[in-house]
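Chemist: Using full-length UniProt numbering, the first residue of the sequence shown is number 1, and each one after it goes up by one.
All residues carry an ideal CB built from backbone N, CA and C; glycine is no exception.
No experiment lies behind these values; they were computed from the predicted model shown.
Structure below; questions to follow.
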Amino acid sequence: MKKILLVYGDIRTVNIGDYIQSLAAKQYFDDEDYELVNRDELGLYSGAPAKVIMNTWLTYKPENWPPSNKITPLFVALHINSSVEKIMLSPENIGYFKKYEPIGCRDIYTMNLFKSRGVDAYFSSCLTTTLDLTYKVPKHREGIYIVDPLAYMPNGKGVIEILKTLFLAVLNVKSVLHIIRNYRKNNKYKLRLSKIGVGRILLITKSYLFLRKLLDKDVFDQAIFITQYHEGNEYKSEEERFLRANELLRKYASAKYVITSRIHCALPCLGFQTPVIYIRNLEEGKKSTCRLGGLGDFFNVVEVQNTKIISKFFDGKLKADFCFKNKDTYKIYHDSLIEKCLNFIKNGK
């Protein structure tokens, strides 16, 4: 049977983490007989019968759910966001999910949503922790990567907050410009007078204000800044987006260590045994935090609130030669995920 590989369409912004999730599913395909289908348009699919590994975030278009009856899904590492849970868990949709029980959930929040509505569900962890099947770890690690140290700025919507942060950007202009140049060197990264452009300056400034308290100067000077969040025209085609996801995974697999607030950077690092520090922003709202239940326990965490470091797992500032190991709690789910996906592709169950 044909396979479906999820893509995410012609959208204003692109999260490369979505494509990292798709690569985690693609590594289980046993041939090249697959079709790219928009995750948010599975209900519109009219092609040949196909199977799909549904390790994904649902959804921007709940009106296009459930998928076409030509699609056979494996629900594993699934997240239903709090922003659409009422629509996604309507009686009609619950009936659809019950046909494919048990539902493997990426987080405790999603698992509890299903269980509260009588759907058999379990915490499966995330499929991106199994990317070590494809990306091999070199003997010599090099490079410190800082990947979206803050992914969101909840307080950035108010005019006063924006002006205050821009003022701080001017006060710290040398360091802010250093980060901007670093981003532009290592990413397709535009800064212009747009909502995203201003948002990037705000995030860079906020990030610097807590990173200077967290990092020794040698780390700040040599670290490579990466973003997984782009304007749609920075990576226009699906091919470009997959190539960028593949490029980033190779960097993470060989890194000395990684600092990030992106779960689809941190989770692959666990599989690669790349030391990773997860930045948890305590200002984030439910739409973001509902994704972390269960997964958050896998990480070495630094908690941040309004540029202040609330908690961390080490003393002093982080140095370039800092050595630490990841937790291994993710491993109890790792082999089960692999077995389920291999069996589904081979046998359709």
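Can you find the residues in the same chain that come closer than 6 Å, C-beta to C-beta, to F114, ignoring five residues on each side of it along the sequence?
Modeler: Here the set comprises I103, A121.
Chemist: Where do the N-terminal and C-terminal ends of the alpha helix (DSSP H) with Y183 fall, by residue?
Modeler: From DSSP, the alpha helix (DSSP H) with Y183 extends over 173 to 186.
Chemist: State yes or no: is the C-beta of I146 nearer than 7 Å to some heavy atom of the ligand GTP?
Modeler: In terms of ligand content, the structure shown is empty, and the ligand GTP therefore cannot be addressed.
Chemist: Measure the C-alpha to C-alpha separation of P154 and T134 and round it to an integer number of angstroms.
Modeler: Here the model assigns P154 a pLDDT of 48, short of 50, so the residue's position is not dependable and the matter cannot be decided.
Chemist: With DSSP as the reference, label S194 as helix, strand or coil.
Modeler: S194: coil per DSSP, three-state reduction.
Chemist: Would you report the Cα separation of E35 and K3, rounded to the nearest angstrom?
Modeler: Distance between the alpha carbons of E35 and K3 is about 6 Å.
Chemist: Determine the direct distance from the alpha carbon of F299 to that of P73, and round the result to whole angstroms.
Modeler: When rounded, the distance between both Cα atoms is 29 Å.
Chemist: Let me make sure I understand the geometry here. Which of Y330, Y278, K340 has the alpha-carbon closest to that of A151?
Modeler: Closest option to A151, Cα to Cα, is Y278.
Chemist: If we count Cβ pairs, one from each stretch, closer than 8 Å, do we get three or more for the region 185 to 205 versus the region 231 to 242?
Modeler: Yes, since at least three Cβ pairs between the region 185 to 205 and the region 231 to 242 fall closer than 8 Å, the two stretches touch.
Chemist: Buried or exposed, going by whether 16 or more other CB atoms sit within 10 Å of the CB of L337?
Modeler: Result: buried.
Chemist: Does the Cβ-Cβ distance between L270 and Y333 come in under 8 Å?
Modeler: No; because the gap between Cβ atoms is not below 8 Å, this pair is not in contact.
Chemist: Out of R291, D33, K61, S175, state which residue places its alpha-carbon closest to the alpha-carbon of R39.
Modeler: The shortest C-alpha separation from R39 is found at K61.
Chemist: Is the separation between the beta-carbon of V304 and that of L318 shorter than 8 Å?
Modeler: Taking 8 Å as the Cβ cut-off, V304 and L318 do not qualify as a contacting pair.
Chemist: Beta carbon of N246, beta carbon of L89: below 8 Å?
Modeler: Going by C-beta atoms, N246 is not nearer than 8 Å to L89.
Chemist: In the DSSP assignment, what residue or residues form a beta bridge with P73?
Modeler: In the DSSP output, where bridge partners are listed per residue, P73 has V52.
Chemist: Between which two residues does the beta strand (DSSP E) carrying F313 extend?
Modeler: It is not in any beta strand (DSSP E) - F313 carries neither H nor E in the DSSP assignment.
Chemist: Which whole runs of the beta strand (DSSP E) in the region 12 to 36 are 3 residues long or more, in chain order?
Modeler: List check, beta strand (DSSP E) in window: 13 to 15.
Chemist: Cβ atoms of F29 and I345: under 8 Å apart, would you say?
Modeler: Yes; because the gap between Cβ atoms is below 8 Å, this pair is in contact.
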